[in-house]
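J.: If you scroll down you'll find the structure; I have some questions about it.
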Amino acid sequence: MIKKEVVIEKGKVESNYWKDIWAYRELFMVLSWRNVSVKYKQTIIGISWTVIQPILTMVILTFVFGNLASLPTEGTAPYALMVYSALLPWQFFANALNESSNSLTGNAHLISKVYFPRLIVPLSAVLTSMIEFFISFAILCGLMIYFNYMPSIQILLLPVFILLAFLNALGAGLILTALNVKYRDFKIIVPFVIQFGMYISPVAFSSSIVLEKWKLLYSLNPMVGVIEGFRYCILGGESHIYMPGFVISLSLTFMLLWFAIRYFRSTEKVFADLI
């Protein structure tokens with residue numbers, strides 16, 4: 168008989184947890200694909216809503232803020248293009264937050280019966296929103312051709328800001344999904360927070376209208392730096408990044424993610440009992 172020796176080492180459980188996430192990668196992909204198929208199941212036009220929603224939002228915001236309110240654009244960039252370049256990261260963040268915040272309660276049958284790293288569930292929800300993001304990005308390319316507005320060399324920095332948007336969505340999503348397991352009020356609160364957040368973020372308007380004395384305070388919203396970064400990459404010299412505010416947004420992004428992972432891991436062991 169072969170004897171196996173079990174050695175308990177400090178930090179070993181934590182190390183195994185992250186290895187398990189890789190070991191369960193197939194489950195991660197299955198959940199991500201299922202999220203896409205379920206979301207558009209029994210809809211008439213299916214995933215086309217991914218294209219229609221941002222375009223309609225862009226048209227409405229351009230008409231209200233650009234035409235009726237006559238707010239300035241970024242340099243000479245068309246107002247619609249300025250709005251859409253901000254809608255890309257915001258809608259990704261909003262969709263990821265909405266999907267991930269309900270991801271654990273929506274998979275209660277899995278959580279209560281099968282072991283796997285629970286982090287996989289909200290992570291797969293954020294990945295689903297990333298797929299929708301790239302579909303919406305194709306529309307941006309069409310708009311730039313339509314307006315005869317070609318990007319400059321700054322477009323090469325866009326993956327950096329896509330990553331920051333992903334980290335923001337993941338951090339906020341982990342906190343909210345953990346809270347939603349214990350307090351179902353968050354299922355009602357999250358859509359309101361998302362709607363309110365769009366109006367306090369520079370989505371429908373340029374950050375240039377924010378007074379200088381308020382810019383640092385305004386940058387406490389981590390998505391401000393991400394949105395300004397997207398505009399800088401897409402609109403080129405027509406847009407600028409407020410560097411002190413960007414440093415604040417960047418710091419808050421990593422602080423939020425660090426806290427979110429710690430909080431999620433500390434509450435993960437009671438999910439099966441509460442859900």
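First residue of the sequence shown: 168, per my numbering; consecutive thereafter. Think of the CB as a built atom: it goes at the ideal place given N, C-alpha and C, for glycine as much as any other residue. Source: prediction; values computed, not measured.
For my contact list, L286 and F431 are in at a C-beta cut-off of 8 angstroms; report their separation, rounded to the angstrom.
T.: Mapped onto the sequence shown, residue 286 falls at position 119. Mapped onto the sequence shown, residue 431 falls at position 264. At roughly 7 angstroms, the Cβ-Cβ gap stays under 8 angstroms, so L286 and F431 are in contact.
J.: Taking the alpha helix (DSSP H) that P221 belongs to, which residues open and close that run?
T.: Here residue 221 corresponds to residue number 54 of the sequence shown, with the count starting at 1. Unbroken alpha helix (DSSP H) run through P221: W216 to L228.
J.: Does the count of Cβ pairs from the segment 341 to 359 and the segment 394 to 406 closer than 8 angstroms reach three?
T.: Contact between the segment 341 to 359 and the segment 394 to 406 is absent, because fewer than three Cβ pairs lie under 8 angstroms.
J.: If I follow the unbroken alpha helix (DSSP H) through M390, where does it start and stop?
T.: On the sequence shown, position 223 is the one that residue 390 refers to. P389 to L402 is the span of the alpha helix (DSSP H), which, as asked, contains M390.
J.: Pick out the complete alpha helix (DSSP H) segments inside the segment 223 to 310, 4 residues or longer, and give them in chain order.
T.: 246 to 268, 270 to 273 and 275 to 278
J.: CA-CA distance, L310 and L277?
T.: Locating residue 310 in the sequence shown gives position 143, where the first residue counts as 1. Locating residue 277 in the sequence shown gives position 110, where the first residue counts as 1. Going by the C-alpha atoms only, they are around 42 angstroms apart.
J.: Could you tell me the boundaries of the alpha helix (DSSP H) in which E193 lies?
T.: Here residue 193 refers to the residue found at position 26 of the sequence shown. If you look at E193, you'll find it in the alpha helix (DSSP H) that goes R192 to K206.
J.: Going by C-alpha to C-alpha distance, which of F259, E299 and G396 sits closest to I410?
T.: One-based indexing of the sequence shown puts residue 410 at position 243. First, the residue type needs correcting, since residue 410 is Met and not Ile in the sequence shown. M410 has its Cα closest to that of G396, out of F259, E299 and G396.
J.: Do E266 and A292 come within 8 angstroms of each other at the CB atom, strictly closer than that value?
T.: Numbered from 1 along the sequence shown, position 125 holds the residue referred to as residue 292. Numbered from 1 along the sequence shown, position 99 holds the residue referred to as residue 266. Yes, Cβ-Cβ distance for A292 and E266 is below 8 angstroms.
J.: What three-state label does DSSP hand P318 in the structure shown?
T.: Residue mapping note: residue 318 aligns to position 151 of the sequence shown, counting from 1. Coil at P318, not helix or strand.
J.: For R192 and I442, what's the separation of their Cα atoms in angstroms?
T.: Counted from its first residue, the sequence shown places residue 192 at position 25. Counted from its first residue, the sequence shown places residue 442 at position 275. So the two alpha carbons sit approximately 23 angstroms from each other.
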